[in-house]
Structures are given as C-alpha cells and as structure tokens.
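In our numbering, the protein residues as written are 488 to 805.
Given below as structure tokens:
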C-alpha cells in the first residue's frame, strides 16, 4: 500500500515534470519555425522580398522630403534678415545725400567791388612857366556800351608815368581846359568864365577797351563845380555826377581852380554843399527848446488862472 502510494506520487511528479517541459520547450519550435518560415519565405519568394524592400524604400523616401523641407525652411530664414537690413541701410544713405545737395545751393559768382581811385595833383602852365590851372581829384568812371549792357568801372591812375597832363589857360573870356590821357582813358574838362563865375560846362571821355572796342561820351551843357573867379572850388566828399545816360563819374577830394591862380597854389576854397557843416542842427535844437518852454509857461499860466478863479468864488459858511 505504501509502495503503491509512492509509485502513484512518483508518477504524478513525472507527469508534472513532463508537462512542465512541454510548456517550456513548446515555444521554441514555434519561434524556430517562424524564423525558419520567414527565412524560407524570403528565400523562396523574391517578389515578396522586393516588395518589402520597395515598401521600406518608399518609407525612407517619404521621410526624406520631410527632412529636406525642414532644411529648406532653415536655409530660407537667414538670407531674409540680412537682405532686409541691407536694403534699409542702402535706402537711407542716398536720401540723406540728396537732401544735403538740395539744401546747399551754389551761390552765384559776384564781381569784387572796385576800390576808390588814387587822388592826383594836376596843373597846366602858360608858356611852360606860370601855372594857370590847378586840379586835385581822384577820378572813377562808370560806363556801359549799350542800353542793355551792364556798367563797367575804371579808375584813372594819376601816376606821371601813366597819365599825361595837358590843357589850355583861358584869359580875356577864353575857356580853360584840362586833358588827362592814359593808355586806355582820355578825359577832357572844359571850364568857362561867365560874369566872374567859373563852372565846368563840358566833359568828353574816351575809353579803349581790352577787346578793341572804344567807348565815347560827351556833354557840352554842364553846370558843375561853380565858384567865383579868384577862388577855388572844393568838395572833399565823394560825389557822383551823371554826365550822360551811359556815363557817370565819381570824384574824391575834389578841388579845382581854372582861373586866376596865384603863387602856384589854390586860393580860398568855396565848399560844396556836401562839405558844409550841419549847423542847422543847433538852430533846430534851440527852436525846439524854446517851443517846449513856451508850452510849459502857457500851461502854468492856465493852471494858475483856473485856481485863482476857483478861490474867488469860494463861499465860507458862517
């Protein structure tokens, strides 16, 4: 009985062991069978393998464009930013330069002013011994060749080696003349004596221009620089005289005596109106002061009279 029970238990154990081995070892053949079947399948059916490879390639190819698209996006972004910055900097520079060029126009050229002429001393002698005419002045001539032309200005150089002096002395009712001649300028002054009053009554001017043209102008009906015979005419301030519509002369420190020169020097000078002192200012000031004083006196008189009238009619209560 005991032996039978042991045998039964042993049989059960063996059955359990065998069953356990079956459970453990049974998947291996399946795995091996699956692997073997896959190998056999891949070996025996190249079409299937090629299809699998194609599928795999298709999968890989499908993924690459996605990656390439990302790469394209990454390479597109950087050029956009520098290109935008470069465009801004290029646009600002020309605008500033154009604005500066517009706001800074070139000024038109201007001719420099002609300086004042040098004052010269001139004299005319009778018989090359006795001085009969004296003149001291600086001469400046402004002239134009035609009505529409602009004025040209020239100074007469009084240097003895540049300008020649000649003329004629008048006596017994004759006229006196003074001629000043340089390489380009020739001016002729004619003085007349009427009723012991002399004056400049004629002037002729000729100018040789650098381009070969010659300017000529004259006026025989002048009444300038008038003074008594035996005295001189003087005008130290700059004076401008319109000789013709195309000729104007300016004189500086002028003094002339065309008749009755004594001891080779100027006699007493009769000043021009421009050189007369402004003595009228003092009389005007005195007149204004007297007028103000009269007004004050009148106001004081009226105020005092009104007060006296008011005090005469004042009534006192008893």
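Where is the CB? At the ideal position from N, CA and C, for every residue including glycine.
Shown here for residue 669: same chain residues with a beta carbon closer than 7 Å to its own, the five before and five after excluded, namely 643, 644, 649, 650 in chain order. Per DSSP, reduced to three states, the secondary structure at residue 691 is strand. Setting aside the 5 residues that flank it on each side, residue 704 is surrounded in the same chain by 630, 692, 730, 731, 733, 734, each with a C-beta closer than 7 Å to its C-beta; the list follows chain order.
Its chain contains 618, 619 as the residues whose beta carbon lies nearer than 7 Å to that of residue 612, once the 5 sequence neighbours on both sides are disregarded; these appear in chain order. As for any beta strand (DSSP E) of minimum length 3 sitting wholly inside the stretch 616 to 691, the runs are 617 to 630, 639 to 642, 651 to 655, 663 to 668, 672 to 681, ordered along the chain. A Cβ-Cβ distance of about 7 Å is found for the pair residue 641 and residue 694, placing them in contact under the 8 Å criterion. By the criterion of at least three beta-carbon pairs nearer than 8 Å, the stretch 657 to 674 is not in contact with the stretch 706 to 718. The beta carbon of residue 672 is closer than 6 Å to those of 643, 694 in its chain, skipping five residues each way along the sequence. Counting the other Cβ atoms within 10 Å of the Cβ of residue 674 gives 16 or more, which makes it buried.
When the beta-carbon positions are compared, residue 663 and residue 677 come within less than 9 Å of each other. For residue 652 against residue 683, the beta-carbon gap comes to about 26 Å, at or over 8 Å, which does not count as contact. In this structure, 616 is the residue among 616, 740, 698, 776 with its C-alpha nearest to the C-alpha of residue 656. Residue 797 and residue 782 have their C-alpha atoms spaced approximately 23 Å apart. Under the DSSP assignment, residue 737 falls in the beta strand (DSSP E) whose first and last residues are 734 to 744. Here the alpha carbon of residue 785 sits roughly 20 Å from the alpha carbon of residue 772.
In the structure shown, the three-state DSSP call for residue 789 is helix.
A residue is called buried once 16 or more other Cβ atoms fall within 10 Å of its Cβ, and residue 755, having fewer, is exposed. Secondary structure note for residue 730: its beta strand (DSSP E) is the uninterrupted segment 726 to 731. Distance from the CA atom of residue 725 to the CA atom of residue 628, rounded to whole angstroms, is 13 Å. Sequence-distant Cβ neighbours of residue 623 in its own chain, meaning closer than 6 Å and more than five residues away, are 608, 742. Residue pairing from DSSP places residue 749 in a beta bridge opposite 752.
Its chain contains 714, 715, 718, 719, 720, 721 as the residues whose beta carbon lies nearer than 8 Å to that of residue 757, once the 5 sequence neighbours on both sides are disregarded; these appear in chain order. Closest in alpha carbon position to residue 660, among 708, 746, 761, 602, is 746. According to DSSP, residue pairing for residue 612 in a beta bridge involves 618. When the five nearest sequence neighbours on each side are left out, the beta carbons in the same chain lying within less than 6 Å of the beta carbon of residue 738 are those of 624, 726, in order along the chain. In the three-state scheme derived from DSSP, where H, G and I count as helix and E and B as strand, residue 719 is classed as strand.
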